[in-house]
Amino acid sequence: MEYNQKHLQLMNTNVYCEYVLHEDKPTIFLIHGFVASMYTFNRLKPLLAKDYSVIAIDLPGFGKSEKSISFTYSFENYANLVIECLDYFKIDKASIAGHSMGGQIALYTAKNAPDRINKLVLFCSSGYLPRAKNYLIYSSYIPFFHLIARRKINSQSVVRNLRNVFYDHSLITSDQIEEYGKPLEDKNFAKSLVRLLRHREGDLRSEQLKEILTPTLILWGEEDKVVPLIIGKRLANDLPNAKLISFEKAGHLITEEKPKELFSYMKDFINS
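According to this note's numbering, the residues represented by the sequence shown are 60 to 331, in order.
So, in structure tokens, the structure goes:
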């Protein structure tokens, strides 16, 4: 099923969105992770669209969305943007599915607006990361600091990072290298990363996670080198209504490596 494409003005920022809406089907909202885009869900989106209304966005600073130098790149602000997007589509309640950093944003959304969230799905979610060290935040105010960050982001780093997030390197294609690399060419991309470094307030603490009562499905690759499985186990322990399922021979980019398996578990969970 073909997705609609639209640029929305949310929180004074241009946000790229793709969506399929059905009047009689529940909604799933997809949130990608760090230095990524909704392309992360490229193989999962077609499967979901058959049974659900689906909304996917490129977070401000990433993908085809604006790389604003005035947007506040905090998890709280990202969570507010998710709710504003639901308001735009007049959706009262949705299930939120987030990958990596997107999982943390999903958790913030559930903490701040539990009445708007049906269920949570976390794919290899970030967890327990503190705020950046003060010296790093202070260093980011040095003139041209963003140029240092930009020099570290190039086509070679895209290939290297993909090899790090895939367990099966044979699944990496030239299209993926192009799609993951394309947004990095924006001259303001590095500036938005620097602002994220400054604004990111840190992941939710254990005591905060214990207050999130939303039913949660945690899906993890057992060979994840970016966010190891132990983080998934900690999240499953701290979240009162969570279930963890791990997959052999899968890395951090589990949405690309195991889309059919993820869809099967998601469908059973969301429909239950």
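Note that the Cβ used here is the ideal one computed from N, Cα and C, for glycine as well.
Nearest candidate by alpha-carbon position, reference residue i, set the options
i      : options                        : result
Ala249 : Asn73, His66, His81, Pro119    : Pro119
Leu80  : Gln64, Leu230, Gly92           : Gln64
Gly157 : Asp174, Phe134, Ile150         : Phe134
Ser112 : Glu77, Ile271, Asn139, Tyr137  : Glu77
Arg254 : Met60, Asn136, Ile114          : Asn136
Val94  : Asp327, Lys302, Val224, Lys308 : Val224
Glu260 : Leu268, Thr72, Arg190          : Arg190
Arg293 : Ser265, Lys152, Phe121, Glu270 : Ser265
Phe328 : Tyr226, Gln267, Thr168, Lys178 : Lys178
Pro287 : Val180, Glu82, Lys269, Ala309  : Ala309
Pro299 : Ser331, Gly291, Lys152, Thr275 : Thr275
Leu256 : Met160, Lys84, Ser154          : Met160
Glu92  : Asp110, Phe121, Asp283         : Before going on, a small fix: residue 92 reads as Gly here, not Glu. For Gly92, the nearest C-alpha among the options comes from Phe121.
Arg222 : Lys152, Val285, Ser129, Ala115 : Val285
Lys149 : Val180, Glu307, Ile114         : Ile114
DSSP-derived helix/strand/coil call for residue i
i      : result
Ala115 : strand
Glu244 : helix
Lys292 : helix
His311 : coil
Tyr200 : Annotation note: pLDDT 45 at Tyr200 (below 50); position unreliable, coordinate value reported separately. In this structure, Tyr200 counts as coil in the three-state DSSP scheme.
Ile207 : In this prediction, Ile207 has a pLDDT of 47, which is less than 50 and means its spatial position is unreliable; what the coordinates show is noted afterwards. In this structure, Ile207 counts as helix in the three-state DSSP scheme.
Ser154 : strand
Thr168 : helix
Tyr129 : A small fix is needed here, since residue 129 is Ser in this sequence, not Tyr. DSSP places Ser129 in coil when its eight states are reduced to three.
Ser331 : coil
Lys317 : coil
Leu256 : helix
Leu298 : coil
Lys149 : coil
Ile304 : strand
Phe121 : coil
Ile231 : coil
Leu188 : coil
Residues near residue i by beta carbon distance below 6 Å, same chain, minus five either side
i      : result
Asn247 : Lys126
Tyr62  : Glu77, Val79
Asp117 : Tyr75, Ser96, Met97, Lys123, Ser124
Leu140 : Leu69, Met70
Ala295 : Ile277, Ala301, Leu303
Leu263 : Leu166
Leu312 : Val224, Phe225
Leu268 : Asp297, Leu298
Ser154 : Ile87, Asn177, Lys178, Ile329
Asp283 : Cys183, Gly310, His311
Same chain only: Cβ atoms within 7 Å of residue i, ignoring 5 sequence neighbours per side
i      : result
His258 : Thr131, Tyr132, Ser133
Val218 : Ile236
Asn73  : His66, Ser124, Glu125
Asp83  : none
Ile290 : Gly186, Tyr187
Ile271 : Leu166, Ala169, Lys170, Leu298
His228 : Arg222
heavy atom of the ligand COA below 7 Å from residue i C-beta
i      : result
Gly291 : Inclusion of the ligand COA in the displayed structure is not the case, the ligand content being empty and no account of it being possible.
Neighbourhood of residue i by C-beta distance below 8 Å, restricted to the same chain and skipping five residues each side
i      : result
Glu238 : Ser96, Tyr98, Asn101
Asp245 : Lys126
Leu230 : Glu315, Glu316
(message) With three or more C-beta pairs closer than 8 Å as the rule, is the segment 83-103 touching the segment 130-146?
(response) yes
(message) Pairs of beta-carbons, one from the segment 102-110 and one from the segment 307-325, closer than 8 Å: are there three or more?
(response) Taking a contact to require three or more Cβ pairs closer than 8 Å, the segment 102-110 and the segment 307-325 qualify as touching.
(request) Flag this pair as touching only if the segment 166-176 and the segment 95-104 have three or more C-beta atom pairs under 8 Å; answer yes or no. (result) no
(message) For the segment 276-294 against the segment 175-187, do three or more pairs of beta-carbon atoms, one drawn from each stretch, fall closer than 8 Å, so that the two count as touching?
(response) yes
(request) Let me know the beta strand (DSSP E) ranges lying completely inside the segment 261-285, each 3 residues or longer, listed in chain order. (result) 275-280
(message) So within the segment 76-116, which uninterrupted beta strand (DSSP E) runs reach at least 3 residues, ignoring any that extend past its ends?
(response) 86-90, 112-116
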